[in-house]
Amino acid sequence: MNSPATQFKHDAVRLTADRRHRQIINTALDKYAVKRDEKKGLFQDWLGARQLAAETKWEAVNHLDRYLDQFVRGLEARGAKVHWASTGEQARDLILGILKARNARTVVKSKAMTAEEIHLNQALEKAGHTVVESDLGEFIVQLRGEPPYHIVFPAMHLTRSEIQETFQQKLGDAPSDNPEELTMVARRVLRQKYLQADAGITGANFAVADLGLISLTENEGNARLTAALPRTMITLLGIEKVVPRLEDLALFLPMLATVGAGQLISGYNTLYGGPRQPGEPDGPEEFHVVLLDNHRTALLADAEQRDTLHCIRCGACLNVCPIYRNIGGHSYGTTYCGPIGAVITPNLRGLQDWKHLSYSSSLCGACTEACPVGINLHHHLLQNRRNASRQKPSWWQKLAFQAFAPMANCRVLWSLVTKVGRAGQKLHPLVLGTRLDPAYAWTQTRDLPPIAKTSFKEWWRHRL
Amino acid sequence: MSERDSIFARVREALTVTAPFPGLPHDATRPPRELPTAADHRRVLPAVGASLAERVALFAKNAAELRADFKVVADGDELATELRRLRDAEGWTRLASHRGSLTDSACATLGLPVLLTDGGYDKHELETCPVGITECDALVAQTGSVVVTSRTAGGRALSVLPPHHVALARRDQLVADLPEALARLRARYGADFPSMISFITGPSRTGDIERILVLGAHGPKKLTIFLA
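Just so you know, the sequences run in chain order W and L.
Just add 4 to the spot in the first sequence (first one is 1) and you have my numbering.
Just add 2 to the spot in the second sequence (first one is 1) and you have my numbering.
Next comes the structure, spelled out in C-alpha cells:
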C-alpha cells in the first residue's frame with residue numbers, strides 16, 4: 005500500500021496528462037459556470053448575501069453547544085430519537101444497531117457525504133444488508149464500485165456511453181446512450197427499491213436549531229421518497245450543520261443552489277422534524293437522527309480554522325479550482341476533495357500523512373472567492389503548510405537555508421555565486437530533462453527562468 | 003460520561019477561544035451584529051415586484067423556466083374545466099388525492115375512482131395512480147416553488163410518488179419571496195410543526211448524466227399548478 009502522498013502524486017500525474025478526462029470535466033463545469041453566473045446575477049447583492057451567510061454560520065458555529073441543544077430538544081419533542089457519535093465507528097455501530105432492532109434488511113439511501121466519510125455502505129453490506137443509493141449519480145458510481153467523483157455531481161467524470169455500458173453490465177437494461185432513456189432505466193429499478201426498502205438513510209444540508217428540523221436539498225425527489233415510504237428513517241449529519249433559525253434558510257437555500265448547481269433553488273428543499281405525527285397519513289414509524297463529531301470538535305478547537313465548519317458542502321470551490329479541474333476528484337483519495345478537502349483532510353486524518361494536499365495548490369485564491377460563506381480557504385492551505393513544517397521540520401530544508409543565509413548576507417559571496425550561476429546556466433541545456441539536472445524536480449514540469457544578465461547593482465553603477 | 007456529554011464537553015472547551023468575526027480583522031473589537039433580519043435578506047435576494055400582478059407574472063416566468071405548467075383560473079368552474087381537459091388529454095382512469103376544500107371539488111368534478119391518502123393507504127396502490135392532486139400552503143413568486151406539508155397536502159408521498167403532481171392554490175397563498183413563505187409557516191404552525199414541509203420547485207429533475215437536464219428522475223415528470 006502506497007502512502008497517501010505517493011498515491012496522490014501518481015494519480016495526479018496520470019490524470020493531468022489525460023486530455024479526454026480534462027475535456028469531460030471542462031465541458032461539465034463550463035456548463036455549470038454559465039448557469040451559476042446567471043443565477044448569481046439575479047441576486048440584488050451577492051457579496052452582501054455572502055457576508056450575511058458568513059455571519060449567520062459564525063453565530064451558529066461559535067455557539068454550537070447552545071444551538072445543538074435547542075435542535076435536539078425540538079426533534080425529541082416530536083418523537084425523534086437522537087443519537088451521538090464521537091467517531092465514525094460509533095456512528096456505524098449505532099446505525100447497524102437501529103437496523104437490527106427494526107429487523108431492516110434492505111436499505112435505500114439518498115446521497116450523504118457524511119455516510120461516505122464513515123464508509124457506511126461497506127459496513128452495512130458486511131453486516132448483510134442490501135444498500136441501494138438512490139441519487140442517480142451515486143447509483144451509477146455505486147454500480148461501478150467507485151467513490152463519488154465530486155461532492156455534488158458524483159458521476160461527472162463519466163460519459164453517457166460509459167454509463168450505458170455500466171447499466172448493460174449490471175442491470176442488463178440499457179436501450180441506448182440517451183441520457184433520458186438511461187435515467188428512466190434507473191427510475192424503474194429504483195421505484196421498486198423504495199417500495200421494498202425496510203429503512204431509508206439520508207444526510208442533511210442544514211439543522212434548523214430553533215425548531216428542531218433537518219433540511220434536505222435535492223433535485224430528483226429520491227430523498228423525498230426515501231423519507232416517505234420505508235417504516236424507519238435514519239438521518240446522519242455532522243454537528244456543524246446547524247443554522248440558528250428557520251428564517252435563515254431564506255438565504256441559505258438559494259445560495260446553496262446557485263453556487264452548487266447553477267439553480268436559483270433546488271428542486272426539493274424539505275424539512276423533516278420527526279416520524280409520522282398523529283393525524284398524518286404516512287411517513288416512518290421511527291425517525292432516528294445520528295449526530296456525528298468525527299474530529300469536527302478538533303477543527304472547532306482551532307480558532308484560526310474554525311470557519312471551515314461554516315462549509316455547506318456546495319462544491320463551489322472544487323468547480324473553480326485549477327488543481328481539481330486537472331487532477332480530478334478521485335486523485336485526492338479523500339471523502340472531501342478539492343480545496344475544502346485539502347484544508348480539512350490534514351486536520352481530520354493526520355497532518356503529516358495528508359499535508360501534500362495543502363501543497364497541491366497554486367494559491368490563486370479562486371476557492372476563497374467562490375465560497376458562499378466566505379471561508380478563507382487559500383490562507384488555510386498556507387496555515388496547514390506552516391503547521392506541518394513547524395511540527396516536523398525537514399532536515400534538508402533546514403540545511404539548505406543554513407547554507408543560503410550566510411551566502412545571501414555576504415555581498416562578495418553573493419555576487420560570486422550569481423556569476424557562477426550565470427555561467428553555469430549556459431551549460432544547463434546539456435542536462436535539461438535528464439536526471440543529471442540539479443533542478444530536475446522543478447524543470448520536469450516547469451521552465452527555469454534565466455538569471456538576469458546584470459544585477460541591479462551592476463546596472464546602477466554603469467547607468468548613463 | 004455519555005457520548006452526548008463528551009461531545010458537549012469538547013465543544014465547550016473548544017469555544018473558550020473566540021474565532022475572528024467574518025469580514026473583520028483578527029484583532030477587531032467591534033461586537034458582531036445581531037443575526038440578519040428578513041429585511042436584510044430581502045436587500046440581497048432576487049427582487050420581487052410589489053403588486054399581485056407582478057408576483058403572478060414572476061411566478062409564471064419561473065414556472066416556465068422550470069418546465070412546470072402554471073395556469074391562473076378565474077373561478078372554480080374554470081378550474082373544473084381545466085382539470086377535465088387534463089384528465090381527457092392524459093387519459094386518467096383513477097387519481098390520488100386528499101380531503102380539502104379545493105381537492106374535494108376537484109375530485110368531484112373529475113368523476114374518477116379516488117385513492118384518498120388521509121388516514122393511511124397502500125403505497126403500491128398509490129404508485130400505480132397516474133396523478134396526485136394536492137392543495138398547498140403557499141406559492142413562492144421569487145423562486146416558482148410550491149410549499150406542501152405532510153399535514154395539508156395528503157402526507158409525504160402523494161406529491162412525489164405519482165408521475166404527475168397537480169397542485170391547487172388560492173390567490174391569497176401566492177407570497178412574494180422566501181422570507182415571507184417561512185414567516186407564514188411559522189405563523190401557521192407555531193410550536194406544532196408538521197413532520198414534513200417541502201418546497202417543490204419544478205418537476206423532479208437530474209443532470210447527473212453529462213449535466214444534461216432530464217425530468218422525472220424519481221418523482222413527478224410533470225408538475226401542474228393552478229392558481230384559483
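Where a beta carbon is used, it is the ideal one built from N, C-alpha and C, also for glycine.
Values in this document were obtained by computation on a predicted structure and should not be read as measured data.
- Supposed contact pair Leu225/L and His167/L - C-beta distance, whole angstroms, cut 8 angstroms: As a working mapping, residue 167/L is identified with position 165 in the second sequence. As a working mapping, residue 225/L is identified with position 223 in the second sequence. Indeed, because the Cβ distance is near 5 angstroms, the residues count as touching under 8 angstroms.
- Item | Close-in-space but distant-in-sequence residues of the same chain around Asp357/W (CB under 6 angstroms, 5 per side omitted) | Walking along the first sequence from the start, residue 357/W turns up at place 353. If we look at Asp357/W and ignore the five residues flanking it on each side, its Cβ neighbours are Pro8.
- Item | Boundaries (first-last residue) of the beta strand (DSSP E) holding Asp2/L | This structure does not reach residue 2/L, given that chain L is present from 3 up to 230, and the question cannot be answered.
- Message: Just to confirm my understanding: we take Gly425/W, look at its own chain, exclude 5 residues before and 5 after, and list those with CB closer than 6 angstroms. What are they?
- Response: As a working note, residue 425/W is residue 421 in the first sequence. Once the five neighbours on either side are set aside, the close Cβ partners of Gly425/W are Ile455.
- Task: Using only alpha-carbon positions, find the residue among Asn391/W, Cys368/W, Asn330/W that is nearest to Gly354/W.
- Result: One-based indexing of the first sequence puts residue 354/W at position 350. Among Asn391/W, Cys368/W, Asn330/W, the Cα nearest to that of Gly354/W belongs to Asn391/W.
- Can you tell me whether DSSP reads Tyr153/W as helix, strand or coil? In the first sequence, residue 153/W corresponds to position 149, counting from 1. Note: Tyr153/W maps to coil in three-state DSSP.
- Message: With distance defined between alpha-carbon atoms, name the residue in Gly122/L, Glu84/L, Thr111/L, Ala21/L nearest to Asn66/W.
- Response: Position 62 of the first sequence holds residue 66/W. Cα-wise, what sits closest to Asn66/W is Ala21/L.
- Where in the region 255-339 of chain W do unbroken runs of the beta strand (DSSP E), each at least 3 residues long, occur, reported from the N-terminal end onward? 272-276, 290-296
- Message: Here's a check: name, in chain order, each residue in its chain whose Cβ is nearer than 8 angstroms to the Cβ of Leu47/L, leaving out the five neighbours to either side.
- Response: Walking along the second sequence from the start, residue 47/L turns up at place 45. Cβ within range, chain order: Gln144, Asp179, Leu180, Pro181.
- Item | Reduced DSSP category for Lys115/W - H, G, I as helix; E, B as strand; rest coil | Indexing the first sequence from 1 puts residue 115/W at position 111. The answer is coil: DSSP assigns Lys115/W none of H, G, I, E or B.
- Task: Identify the continuous beta strand (DSSP E) that holds Trp94/L and give its terminal residues.
- Result: In the second sequence, counting from the first residue as 1, residue 94/L sits at position 92. Where Trp94/L is concerned, there is no enclosing beta strand (DSSP E), given that its DSSP letter is neither H nor E.
- Arg14/L to Ile243/W span [Cα, whole Å]: Residue 14/L sits at position 12 when you count from the first residue of the second sequence. Residue 243/W sits at position 239 when you count from the first residue of the first sequence. Spanning the two alpha carbons is a distance of roughly 13 angstroms.
- Message: With the cut-off set at 9 angstroms, would you say Tyr198/W and Leu162/W are in Cβ contact?
- Response: By one-based count along the first sequence, residue 198/W stands at place 194. By one-based count along the first sequence, residue 162/W stands at place 158. No. Outside cutoff.
- Item | Residue-level contact to chain B via CB, Val424/W, 9 angstroms cutoff | No chain B is part of this structure, whose protein chains are labelled W and L.
- Would you mind reading off the limits of the alpha helix (DSSP H) that contains Ile9/L? The sequence position of residue 9/L within the second sequence is 7, counting from 1. It spans 5-16 - the alpha helix (DSSP H) in which Ile9/L sits, taken as one unbroken run.
- Message: For the beta strand (DSSP E) containing Met198/L, name the first residue and the last one.
- Response: Along the second sequence, read from residue 1 onward, the residue named residue 198/L stands at position 196. Its beta strand (DSSP E) spans residues 198-202.
- Query: CB-CB under 7 angstroms to Thr91/W, same chain, minus the five flanking residues each way: which ones, in chain order?
  - Reply: For the purposes of this step, residue 91/W is identified with residue 87 of the first sequence, where counting begins at 1. Result list for Thr91/W: Asn298, in chain order.
- Message: Measuring only the C-alpha atoms, how far is Ser147/L from Ala57/W?
- Response: On the second sequence, position 145 is the one that residue 147/L refers to. On the first sequence, position 53 is the one that residue 57/W refers to. One C-alpha to the other measures close to 22 angstroms.
- Message: Please report whether the beta-carbon of Asp120/L lies at a distance below 9 angstroms from any beta-carbon of chain W.
- Response: Looking up residue 120/L in the second sequence gives position 118. Yes, Asp120/L counts as interfacial toward chain W.
- For a contact meaning CB atoms closer than 7 angstroms, what does Met94/W contact in chain L? For the purposes of this step, residue 94/W is taken as the residue at position 90 of the first sequence. The sequence given here places Gln at residue 94/W; Met does not occur at that position. Simply Glu5.
- Task: Give the single residue among Glu308/W, Thr239/W, Thr20/W whose Cα lies nearest to the Cα of Val293/W.
- Result: The residue you call residue 293/W lines up with position 289 of the first sequence. When each option's Cα is compared against that of Val293/W, the closest is Thr239/W.
- Glu142/W classed as buried or exposed, judged by whether at least 16 other C-beta atoms fall within 10 angstroms: As a position in the first sequence, residue 142/W is number 138, starting the count at 1. Buried, because 16 or more other Cβ atoms sit within 10 Å of the Cβ of Glu142/W.
- Three-state secondary structure assigned by DSSP to Gly132/W: If you number the first sequence from 1, residue 132/W lands on position 128. The answer is coil: DSSP assigns Gly132/W none of H, G, I, E or B.
- Ordered along the chain, which non-local residues of its own chain (more than five positions away) have a Cβ less than 7 angstroms from that of Glu121/W? Taking the first sequence and counting its residues from 1, one reaches residue 121/W at position 117. Once the five neighbours on either side are set aside, the close Cβ partners of Glu121/W are Gly92, Asn298, Thr339.
- Item | Chain-order list of residues whose beta-carbon lies under 8 angstroms from that of Gln74/W (same chain, five-residue window excluded) | Within the first sequence, the letter at position 70 stands for residue 74/W. Only Ala213, Asp214, Gly216 meet the Cβ criterion.
- Using the rule of at least 16 other Cβ atoms within 10 Å of the residue's Cβ for burial, across every protein chain shown, is Asn209/W buried or exposed? Taking the first sequence and counting its residues from 1, the one referred to as residue 209/W is at position 205. Classification for Asn209/W: buried.
- When the cut-off is 9 angstroms and only beta carbons count, does His166/L lie next to chain W? Numbered from its first residue, the second sequence carries residue 166/L at position 164. So, not an interface residue.
- Query: Counting pairs of Cβ atoms below 8 angstroms between the region 89-109 of chain W and the region 339-350 of chain W, do you hit three or more?
  - Reply: no
- Query: Within 10 angstroms of its Cβ, does Thr39/L collect 16 or more other Cβ (buried), or is it exposed?
  - Reply: Position 37 of the second sequence holds residue 39/L. Classification of Thr39/L: exposed, given that the 10 Å Cβ count is below 16.
- Query: So which residues of chain W does Val19/L contact, with C-beta pairs closer than 7 angstroms?
  - Reply: The count along the second sequence starts at 1 and reaches residue 19/L at position 17. Those within 7 angstroms of Val19/L in chain W are Ala307.
- Query: Is it the case that the CB of Ala21/W approaches a heavy atom of the ligand FMN more closely than 8 angstroms?
  - Reply: For the ligand FMN, the structure offers nothing, since it holds no ligand at all.
- Message: For Thr118/W, count the other beta carbons within 10 Å of its own beta carbon; 16 or more makes it buried, fewer makes it exposed. Which is it?
- Response: As a working note, residue 118/W is residue 114 in the first sequence. Buried, because 16 or more other Cβ atoms sit within 10 Å of the Cβ of Thr118/W.
- Query: If Asp202/W and Ala108/W are in contact, beta carbons under 8 angstroms, what's the gap, nearest whole angstrom?
  - Reply: Residue 202/W sits at position 198 when you count from the first residue of the first sequence. Residue 108/W sits at position 104 when you count from the first residue of the first sequence. With 8 angstroms as the limit, Asp202/W and Ala108/W qualify as a contact, their Cβ atoms being about 4 angstroms apart.
- Over the uninterrupted beta strand (DSSP E) stretch that includes Lys85/W, give me the two end residues. Counted from its first residue, the first sequence places residue 85/W at position 81. Per DSSP, Lys85/W belongs to the beta strand (DSSP E) from 85-89.
- Task: Return the CA-CA distance between Phe460/W and Arg450/W, expressed in angstroms with no decimal places.
- Result: Position 456 of the first sequence, counted from the start, is the residue given in the question as residue 460/W. Position 446 of the first sequence, counted from the start, is the residue given in the question as residue 450/W. Roughly 26 angstroms separates the two Cα atoms.
- Message: Taking its Cβ as the centre, do 16 or more other Cβ atoms sit within 10 Å of Phe405/W, making it buried, or is it exposed?
- Response: By 1-based counting over the first sequence, the position of residue 405/W is 401. The residue in question, Phe405/W, is exposed, as its Cβ has fewer than 16 Cβ neighbours within 10 Å.
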